[in-house]
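Colleague: Quick note, the numbering used here runs 4 ahead of the 1-based positions in the sequence shown.
For each residue, glycine too, the CB sits at the ideal point set by N, CA and C.
Pasting a structure here, questions to come.
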Amino acid sequence: MREFKEIKELKESPVIEKGWDSKRKNLAIMFPNLYYGGIYGLGPLIIYNLVNGLKDWSCKRRFLDYSDL
């Protein structure tokens, strides 16, 4: 049986905090759903991570509020 000598822990950081800046291009992804329904959308999550990976860009996600129902 094969043994692994080293196990590395994967740390996931789904939230990228950059803040809004006038020198940076900003993008907002709006969900017409509550958080628990919209957060599982894979397409917008990929766009969010790609945009926030760019130096001159910032991306925020917004969801429908309970008061809007």
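Express the C-alpha separation of residue 67 and residue 50 in angstroms, rounding to a whole number.
Modeller: In a straight line, the C-alpha of residue 50 is about 16 Å away from that of residue 67.
Colleague: Does DSSP put residue 58 in a helix, in a strand, or in coil?
Modeller: Coil, per DSSP.
Colleague: Using the C-alpha atoms, what's the distance from residue 69 back to residue 31?
Modeller: Cα to Cα, the separation comes out at about 19 Å.
Colleague: Grouping DSSP H, G and I as helix and E and B as strand, with all else coil, what is residue 37?
Modeller: The answer is coil: DSSP assigns residue 37 none of H, G, I, E or B.
Colleague: Are the beta-carbon atoms of residue 56 and residue 62 separated by less than 8 Å?
Modeller: Taking 8 Å as the Cβ cut-off, residue 56 and residue 62 qualify as a contacting pair.
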